[in-house]
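As structure tokens, the structure follows; a few thoughts come after it.
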Amino acid sequence: MERTPFPPRPWAQAAIDTFDLESAMPIARMAMACGVDWLEVGSPLIYGEGFRAIAALKEIAGERAVVVDYKARDNCHMLFCEARKHGGDFATVCAAGNDFGVIEALRARSDCGIGVLADIYGLDTHEIPLRTMELAAMGVDAVCIHFGNDQNAYDRVRQQYDGMREAKRAAPSTPVSCSADTLLNAIGACKQGADWVYFGADLLSSAEPGKYAPLRTYVETVHAFRSRAATSV
Amino acid sequence: MTRRPRDAGFRDAASRTVLNGGVLEIDVEVAFRDNRAAANMTAPPAGIAYKLGAHCLLAGTARQREGRTTVSEDAGPAIEVRIGPGGIDDALRAAEVASGLGADRVGVSTPLIYAHGLEIIAKIRRQTRDVPILSNLTIHDGCFRFLAESRRHGAEVGTVSAIHNHAGCRQGVRARLATGIRVLADMTCIATADLPRQAREIEAIGMDGLVVSLGHDPARYDTARRESDGVAAVVDAVSMPVGCVVTSLEEAHAAGEQGADWLILEGSSFGAAAADLESAIAEIRARAYPRRRRAQPARTY
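Each protein sequence line maps, in turn, to chains Z and F. Residue 1 is where the first sequence starts when you use the numbering used here, and the numbers rise one by one after that. Residue 234 is where the second sequence starts when you use the numbering used here, and the numbers rise one by one after that.
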């Protein structure tokens, strides 16, 4: 089974972060209707519903890629193979201080073809370039800079895209993304060279009719950077 | 050996204890009847003891005997049996076996949660009834939500991945205050030499305990490191309860001798047959570990 290739950059990944499929499905459909490139089985959904959530979202995503956001730290080979078996195209491994987990995820890629996204949640901004370089050398498919909600609760200064420019300089040929839960953050990330952005939060908190317009604007804005990316190459 | 009571309810219970050769016995039924705070609890005795003195429970063992829970300082480490990946029926059977064999706690492993969702905790809760359940989330971000959900599904304890994650640990403490779930720091992927420093930082944040865990992936490549490596250093560094994940009896003994307060037996590693797990638990219970953890005052939460 061929894995879905990377879309033209930058692309948008919608994280479906509910705990149950019942509320996840309409949000996923809304995200697809608004043109997102990748659909993410968010950590709450995989914890809440288990592997069946992957298959359910893949059915909605069709040809577009599904990312399983485990942020796996251990048992990575087994978890990545299971994700692939259930229809996932990519899965995330917690890559901060976890070389062995990354190696196991890469072993799973050899065995089943799943893509490996290295999530560097927890690293300080100044640690990002070196770790990105290391992960690129290890052969991961892409790196995700992740300034999470819990960190944000205690650090109101750092922006979600901080470290992006430095990471791209450190590993120019490896796709790098960051979380960007607002339009402003997405613009900031794309300006700094993000290959893609992933988002959830308010934009994907429900599938009410009023959510479509801001979501569509978000995706179109990210896609608008494609011409800029093409020129810069 | 006596403990400073942590609240009025515990003091009341402690006043009715029998000091018998250093073994502190708490008649939970008396404590339950006479303690207004406890009177609101609907949990069975082990759960009450857990709420009255989780520190004691983890530092010693709590066993149910005809409605009476004994919290013993002189007993060996408490035992948690962790249910590994597999089908729902297998997991329920394993949980039933573990609780039947007298495990102090049943742990739901991360891969098992990934496979079946948090609902597996509720199912295991129905199966094990009185035995406390640990939800081994090893979560990184959004810790409050995940721990609250685990509590809602019936878990008394949850874990947060501690490496590079002080923010998550702090959110874990917030979840404990809001929901009552006990929160442990999982130390997987932290180098042995770095364990004591990290443990002190975790303790300062206010976590309920920490788990020294080598992890399956590191174990595959770092063959020189033993599962029990670093336990003694961590026990010396902090006053909070320290657990250790073990996959063999040899490592269980090594961790016990280094002063681990509880041992986490990876259920599947001790053989498929219940008899294997039973003999392992019996041997750990029977073993007199020479290294005793120094007495610590009860913590105020």
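Glycine included, each C-beta is placed from N, C-alpha and C at the ideal position.
Residue environment, residue i, which counts as buried when at least 16 other CB atoms sit within 10 Å
i	result
Asp419(F)	buried
Lys58(Z)	buried
Asp155(Z)	exposed
Val157(Z)	exposed
Arg29(Z)	exposed
Arg359(F)	exposed
Leu345(F)	buried
Arg73(Z)	buried
Gly62(Z)	exposed
Leu130(Z)	exposed
Leu291(F)	Below a pLDDT of 50, predicted positions are generally treated as unreliable, and Leu291(F), at 33, falls in that range; the measurement from the model is reported next regardless. Buried, by the Cβ-count rule.
Asp109(Z)	The residue you asked about is not Asp; residue 109(Z) is Arg in the sequence shown. With 16 or more Cβ atoms within 10 Å of its Cβ, Arg109(Z) is classed as buried.
Val202(Z)	It is Asp, not Val, that sits at residue 202(Z) in the sequence shown. By the neighbour-count rule (16 or more Cβ atoms within 10 Å), Asp202(Z) is not buried but exposed.
Ala400(F)	buried
Ala311(F)	buried
Thr392(F)	buried
Ser332(F)	buried
Ser206(Z)	exposed
Proximity test, Cβ basis, 9 Å: residue i and chain Z
i	result
Gln404(F)	yes
Asp450(F)	yes
Gly350(F)	yes
Phe377(F)	yes
Leu319(F)	Checking the sequence shown, residue 319(F) turns out to be Gly, not Leu. With 9 Å as the cut-off, Gly319(F) does not count as an interface residue toward chain Z.
Asp455(F)	yes
Tyr347(F)	yes
Thr421(F)	yes
Leu370(F)	yes
Ile353(F)	yes
is_contact[residue i, chain F] using C-beta, thresh 9 Å
i	result
Gly188(Z)	no
Gly163(Z)	no
Asp155(Z)	yes
Asn185(Z)	no
Ala53(Z)	yes
Ala24(Z)	no
Asp100(Z)	As written in the sequence, residue 100(Z) is Phe, which differs from the Asp given in the question. Output row for Phe100(Z): interface = yes.
Met78(Z)	yes
Thr217(Z)	no
Asp309(Z)	With chain Z running from 1 to 233 in the structure shown, residue 309(Z) is simply not present.
Asp181(Z)	no
Gly97(Z)	yes
Glu134(Z)	no
Glu82(Z)	yes
Chain F residues whose Cβ lies nearer than 8 Å to that of residue i
i	result
Ser112(Z)	Note that residue 112(Z) is Cys in the sequence shown here, rather than Ser. Simply none; closest approach about 16 Å.
Cys94(Z)	His373, Ser394
Asp37(Z)	Chain F residues near Asp37(Z): none, gap ~23 Å exceeds 8 Å.
Ile295(Z)	Since the first and last residues shown for chain Z are 1 and 233, residue 295(Z) lies out of range.
Beta-carbon neighbours of residue i, restricted to chain Z and to distances below 9 Å
i	result
Asp374(F)	Ser43, Lys71, Tyr121, Gly122, His146, Gly148, Asn149, Asp150, Gln151
Glu382(F)	Phe19, Pro44, Tyr47, Gly48
Closer than 7 Å at the beta carbon, the chain Z residues around residue i
i	result
Pro429(F)	Here the premise fails: no neighbours, minimum Cβ distance about 17 Å.
Gly179(F)	There is no way to answer for residue 179(F), as the model of chain F reaches only from 234 to 534.
Pro344(F)	Asn75, Met78, Leu79
Per-residue contacts from residue i into chain Z (C-beta, under 8 Å)
i	result
His486(F)	Those within 8 Å of His486(F) in chain Z number zero; the least Cβ separation is about 24 Å.
Neighbour list for residue i in chain F, Cβ cutoff strictly below 9 Å
i	result
Ile16(Z)	By Cβ distance, chain F contributes nothing, its closest Cβ being about 14 Å from Ile16(Z), past 9 Å.
Quick check: the segment 382-393 of chain F against the segment 349-366 of chain F, are there 3 or more CB pairs under 8 Å? These segments touch.
With a cut-off of 8 Å, do at least 3 Cβ pairs link the segment 139-146 of chain Z to the segment 416-432 of chain F? Cβ pair count under 8 Å is below three, so no.
Mind listing, in chain order, the continuous beta strand (DSSP E) runs of no fewer than 3 residues lying wholly within the segment 18-67 of chain Z? Correct list: 38-41.
Should the segment 40-57 of chain Z be regarded as contacting the segment 20-28 of chain Z, the criterion being three or more beta carbon pairs within less than 8 Å? The segment 40-57 of chain Z makes contact with the segment 20-28 of chain Z; the number of CB pairs closer than 8 Å reaches 3 or more.
Is there contact between the segment 121-130 of chain Z and the segment 465-481 of chain F, where contact requires at least three CB pairs shorter than 8 Å? No, the segment 121-130 of chain Z does not touch the segment 465-481 of chain F.
Closer than 8 Å is the cut-off here; do at least three beta carbon pairs connect the segment 87-101 of chain Z with the segment 436-456 of chain F? Flag = yes, the segment 87-101 of chain Z and the segment 436-456 of chain F touch.
Would the segment 427-444 of chain F count as touching the segment 78-93 of chain Z if we require 3 or more Cβ pairs under 8 Å? Between the segment 427-444 of chain F and the segment 78-93 of chain Z there are fewer than three inter-stretch CB-CB distances shorter than 8 Å, so the stretches are not counted as touching.
Using 8 Å as the cut-off, can you tell me whether the segment 194-202 of chain Z makes contact with the segment 170-177 of chain Z, which would need three or more C-beta pairs spanning the two stretches below that distance? Yes, they touch.
4 or more residues per run - each alpha helix (DSSP H) lying fully within the segment 155-219 of chain Z: Here the runs fully enclosed are 164-170, 183-191.
Identify every run of the beta strand (DSSP E) within the segment 363-430 of chain F, keeping only runs that are complete inside it and at least 3 residues long; order them along the chain. Entirely contained in the segment 363-430 of chain F, the beta strand (DSSP E) runs reaching 3 residues are, in chain order, 366-372, 390-394, 415-419.
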